[in-house]
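Colleague: Each residue of the sequence shown is one higher than the one before, starting from 155 at the first, in the numbering used here.
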Amino acid sequence: MPPVSAARTILRRLHDVMAAKTAAQAKLNQIVRIVAAELGSEVASIYLLRDGVLELFATQGLAQSAVHVTRLSMGQGLVGNIAARREPLSLAEAKAHPDFAYRPETGEDDFHSFCGVPIVRRESAIGVLAVQHRDPRDYAEVEIEALQTVAMVLSELIHGAGLVDDAQAARLRAANSGPMRMNGLKLVDGLARGTAVFHQPRVVVEHTVADDVDAERTRLVEAFRRMRAQIDAMMGQAEFVAGTDHHEILETYKMFAYDEGWARRINEAIETGLTAEAAVERVQSRNRLRMRSIDDPYLKERLTDLDDLANRLLRILSGQLGTAAQLGLSGDAILIARNLGPAELLEYDKRHLKGVVLEEGSLTAHVIIVARAMGVPVLGRVDQLFAQVNEGDELIVDAGNNALLVRPTAATIKSYQAMRALKARQAEQWAKVRDLPAISKDGRQIALYMNAGLVDDAQAIALSGADGIGLFRTEFQFLVSATLPRRERQQSLYRGVLEAAGDKPVVFRTVDIGGDKAVPYLDHDEEDENPAMGWRALRLALGRTGLMKVQARALLEAAAGRTLNVMFPMVSEPWEFAEARALMEEQRERLASLGRPVPAEICYGAMIEVPALIEQLDVLLPMTDFVSIGTNDLTQFLFAADRANPRLADRYDWLSPAILRVIRRVVCAAAEHDVPVTVCGEMGGRPLEALALIALGVERLSITPAGIGPIKAMIRSATLEPLADAMLDWLKTPGVNVREQLSSAAKRQGLLL
Ligand code: PEP
Ligand code: MG
C-alpha cells in the first residue's frame, strides 16, 4: 500500500464524512469502515473514554453486539495500555503480549496482529483507534502514521460531538502519569499549590481535515516566514547577547526554524489532506514520541526547543497569540515558563498567580527581583520541566526545599496542608507583634525597614509593620518599561510611594541599571564581559548625567516640602559620591531658582557595596548623612564570587569572619563619625544572620517585607548584650565557627529563630 496515498485517500473520504450532517455515532461507524477498507484490515475499532472506562463505540469486523458492551479500564488490555501510555502499539501476535485481555463477546479469536494508536486531546488520551489482521504481520511505520492521522481527526469529531468529557480525561491522565518530585533551585522562597498554566499556552488544533490543500500550503509558507522573522528579530535584541544561555537557545531555534527537513515533513502531512495546524501537530507528536525514548539530556533539550518552536508556529497559524496573562488566569495558578521577563510577569493577575516555575532563571535575574517584590515563590532551573509537566497538572511549589511536586498524592497534599498551617500559625505569631517595636529583652531597639521597588509595595508597610522603606530600588520601573520612563512617570511613582508611607521614612536609591540589569533602550557596552563589575549603577549614571538629572528632578519634586532620603549604589570612590551629591544639589538650586517647591531637607547616603570604599571611610563618612551596606554585592566582591552563580551559592558563609569583621569595621567607623548605618542586603532578612548583624552593632535593617515578622519576633525574644560580647570574642579568635557558636548561644537563650 503506498503510504502517503493511504493517508490521503482516508483523509479525503473522512472529509466527506466530517462534512455530512449525520449523527456522531453514524460518523464513527463510517470511519471504522473506511479505515478497515483502506488499511486492508479485517477489523477496525474505536474505543472512547466514558465514565473513566474505555468503551467500544464502533467496530468493523468485531461482533456488533459488543458495541457499548465491551469495556476496558485505563491500563487494562492492549487498548487500555495504549491509552494509559499515550503511545501506539503494534504487534504481529497480539495474544503473546502480557497485557492482552481476552474479550469473548467481541469474537476476536481469529485475529493475530494488532495495531492501535491513542486518540489524544489536550495531551490526554480520550480513546483508542485499533486495527486487527487475521494474519500475523508487522505494521509499517507509515501505516501507524496513517492511523495517527485518523486519530487526530477523530479527536476533533469526538470533541465537537461532546462524546467525552475533556476534564475527566485530564484527571485520568494525571492519575495515570503518577506523582513525581522534580528538583530545582529556590529563587524566591515560599510554598504554593495550584494548577499548571503554561506562559505560552499549547494550541489545541480544532480543525484537522483540509478543505483546500493548496491554501494550507500557502498558509504554512506564510507562518514559517513570520516565525523566522520573529526569531531573527529576537536575536537582534540586546538581552540576547552572544555567549548567554538565551542566545544559545535562539541559535537552536534558528537552526530548526530554517531546517528544510522539518518544513518538508509538515508539507508532506499537508499533502495527505491535513490542515496546516494539524500537520504541524502531527509531525510534532511524532517528535514528542521520539523524545520520550531518548536518554541523552542534550538531545532531549534540543527536542524540547523544537517543541517550543512548533507551538510558536501553531500560535501563528491559529492566531492564538496571547500569553496566559492575556488570556486571563482563573483559580490558583502555577505559571510554567522556560524564562520570563519582568514585564511579562507583571502582566499576571496577582490574585490568581500563586507561584512560578522556570526551566532557567538565576537569582539576580530581573524577573526574580520583581517576583520577590510581588511575594510570589519562584523555583528555577527545573530540568525537563516541559517534558514532565502538562497543562492542568496539579502542582506544589516548595521553593524552600528546592522542589516541585507534580501531580501530588493525597499524602503529599496533606503534608503540604500541614506545612501551610504551620506557616499560618507563624504568621499569626508575627501579626501579634506587628505593631510592637523590635526591642530586645535587654532593651535594645532595632529599626526594621523594608525593601521595595513597585508602587504596590508601599501598601506592605502597614501590613508588615515596617518602620519605613530602607531601600526603594528605583530601577524596577526602568526594568519593566519598554522605553526610558519619563520624568513625570518617575515623579508620580515616587510621590505615590511617599504618600503611602505617610510619616514613615523612605530611602530612594538612584537607578542601579546596566550590567546584568541592562535595559534595551539604553545602549550599553556589549563587550562588558563581567557585568556586575562593569558599567553599571552610579558609574553609568555619572557617565550619562542626562538620565541622572531627570531622576534627580523627579525625586526632588516628588518630595517637595518633606525630607528626601536618597542614596547612590555602587559607590567605589568618595569622589563619585561627592559628584552625585553635587549633581542633585545643582538640580535643587535650579528648581529653587525657578520658584518650584523643593524638599525641606535632603539626606544623602552611600551604599557600601565595594570593598575599596571601606578603605576610605574616613574620607567618605564626613560627606554622608547615612550609609547602607548592600551585603549582596559586598559579599560577591569580597569573595570574588558571582552572586548569580548557583555553584557558588552555598560556598561562602554570610557568617564568615571575613564578612563579619568588615561589617564591624563599617559599624565602628560610622559610630565615630556619628553616621547611621543600615544593612539592606538579603542577609538581614535571615534570622540568624540578622542576629549576627545586630550583635555586631547594626541598629537598622532593611529587608524583604515577609522577613519583618520573623526578625521582629527573634529580636523580641533575645537578650543581646551577652551575644554582642561573645561575637567580639569569636571574631578575635582564629578558626571559630561563628555560625555554630551563635546558633548554640541562640538556642540556649530559647530564641525564636
Ligand atoms: C545589595 O547589593 O546588597 C543590594 C541591596 O542591592 P541590589 O541587591 O539591588 O544589588
Ligand atoms: Mg547592590
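The C-beta atom is built at its ideal place from N, Cα and C for all residues, glycine as well.
Express the C-alpha separation of N421 and G482 in angstroms, rounding to a whole number.
Modeller: Each residue's Cα considered, the two are about 34 Å apart.
Colleague: Identify every residue that forms a DSSP beta bridge with L507.
Modeller: A487.
Colleague: What's the gap between the Cα of K886 and the Cα of W689?
Modeller: Distance between the alpha carbons of K886 and W689 is about 37 Å.
Colleague: Tell me whether the beta-carbon of W719 lies closer than 8 Å to the beta-carbon of V661.
Modeller: Per the sequence shown, residue 719 should be read as Asn rather than Trp. Yes. Within cutoff.
Colleague: Give me the Cβ distance between G835 and G759, rounded to the nearest whole Å; I'm assuming they're in contact under 8 Å.
Modeller: Not a contact, Cβ separation roughly 15 Å.
Colleague: Quick check on this structure: which residue in Y407, V221, E431, E740 has the alpha carbon closest to the alpha carbon of P258?
Modeller: Looking at the Cα atoms, V221 is the closest of the given residues.
Colleague: Between E836 and the ligand MG, is there a pair consisting of the residue's CB and a ligand heavy atom that are separated by less than 7 Å?
Modeller: Every heavy atom of the ligand MG is 7 Å or more from the Cβ of E836, so no.
Colleague: Below 8 Å, can you find three or more Cβ-Cβ pairs linking the stretch 709-726 to the stretch 742-750?
Modeller: Because the criterion of three Cβ pairs below 8 Å is met, the stretch 709-726 and the stretch 742-750 touch.
Colleague: One question on the structure: do H287 and S195 come within less than 8 Å of each other, judged by their Cβ atoms?
Modeller: In contact: H287 and S195 (Cβ atoms closer than 8 Å).
Colleague: Any chance the CB of N786 is under 7 Å from a heavy atom of the ligand MG?
Modeller: Answer for N786: yes, Cβ within range of the ligand MG.
Colleague: Go through the stretch 834-865 residue by residue and report every complete run of the alpha helix (DSSP H) that reaches 4 residues or more, in order.
Modeller: Runs found: 841-849.
Colleague: Would you kindly work out how many angstroms separate the C-alpha atoms of A423 and G476, rounded to a whole number?
Modeller: So the two alpha carbons sit approximately 27 Å from each other.
Colleague: In whole angstroms, give me the CA-to-CA distance for V816 and V725.
Modeller: Looking at the two C-alpha atoms, the distance is approximately 16 Å.
Colleague: Determine which residues share a DSSP beta bridge with C757 and list them.
Modeller: In the DSSP output, where bridge partners are listed per residue, C757 has N719.
Colleague: Suppose the cutoff is 8 Å on Cβ atoms and the five residues either side in sequence are ignored; what does the same chain contact list for A899 look like?
Modeller: Excluding positions up to five away in sequence, the list reads P876, L877, A880.
Colleague: Just the Cα atoms here: how many angstroms apart are V510 and V532?
Modeller: Cα-Cα distance, rounded: 5 Å.
Colleague: Output the distance between the C-alpha atoms of L460 and M389, rounded to the nearest integer angstrom.
Modeller: Using only the alpha carbons, I get a separation of about 17 Å.
Colleague: Would you decide whether G473 is buried or exposed? Buried here means 16 or more other CB atoms lie within 10 Å of its CB.
Modeller: Exposed, because fewer than 16 other Cβ atoms sit within 10 Å of the Cβ of G473.
Colleague: By the DSSP assignment, the beta strand (DSSP E) with S199 in it spans what residues?
Modeller: From DSSP, the beta strand (DSSP E) with S199 extends over 197-204.
Colleague: Classify D503: buried if its beta carbon has 16 or more other beta carbons within 10 angstroms, exposed otherwise.
Modeller: Under this definition D503 is an exposed residue.
Colleague: Quick one: residues in its chain with C-beta nearer than 6 Å to the C-beta of A432, no 5 flanking neighbours on either side, listed in chain order?
Modeller: Contacts found: M306, V359, T362.
Colleague: Determine the direct distance from the alpha carbon of S439 to that of D462, and round the result to whole angstroms.
Modeller: Each residue's Cα considered, the two are about 12 Å apart.
Colleague: Can we count D666 as close to the ligand PEP, meaning its CB is less than 7 Å from some heavy atom?
Modeller: Within the cutoff, so yes.
Colleague: Using three-state DSSP, classify S594 as helix, strand or coil.
Modeller: Residue state, collapsed to three classes: coil.
Colleague: In the DSSP assignment, find the unbroken alpha helix (DSSP H) run with I424 in it and report its ends.
Modeller: Run containing I424: 414-425, per the alpha helix (DSSP H) assignment.
Colleague: Whose C-beta lies closer than 8 Å to the C-beta of G206 among residues of the same chain, with five residues either side of it excluded?
Modeller: Excluding sequence neighbours, G206 sits near S227, M228, Q322, L326.
Colleague: Compute the beta-carbon to beta-carbon distance between P753 and H827, rounded to the nearest angstrom, for a pair I have assumed lies under 8 Å.
Modeller: That belief does not hold up - the Cβ atoms of P753 and H827 are roughly 23 Å apart, past 8 Å.
Colleague: Between which two residues does the alpha helix (DSSP H) harbouring Q895 extend?
Modeller: From DSSP, the alpha helix (DSSP H) with Q895 extends over 892-903.
Colleague: Please report the distance separating the alpha-carbon of G863 from that of Y603.
Modeller: So the two alpha carbons sit approximately 11 Å from each other.
Colleague: Could you pull the start and end residues of the alpha helix (DSSP H) that K658 belongs to?
Modeller: No alpha helix (DSSP H) contains K658, which DSSP labels as neither H nor E.
Colleague: Counting only the same chain and skipping the five closest in sequence on each side, list residues whose C-beta sits under 6 Å from that of D292.
Modeller: The residues are A246.
Colleague: Identify every run of the beta strand (DSSP E) within the stretch 333-399, keeping only runs that are complete inside it and at least 3 residues long; order them along the chain.
Modeller: Segments of the beta strand (DSSP E) lying fully in the stretch 333-399: 334-337, 339-342, 345-352.
Colleague: In angstroms with no decimal places, state the Cα-to-Cα distance between R356 and A212.
Modeller: Between R356 and A212, the C-alpha separation is close to 30 Å.
Colleague: Checking the sheet assignment: what are the DSSP bridge partners for V551?
Modeller: A346, L558, per the DSSP bridge assignment.
Colleague: Is G515 buried or exposed, if buried means 16 or more other CB atoms sit within 10 Å of its CB?
Modeller: Label assigned to G515: buried.
Colleague: Does the count of Cβ pairs from the stretch 851-862 and the stretch 565-580 closer than 8 Å reach three?
Modeller: The stretch 851-862 is not in contact with the stretch 565-580.
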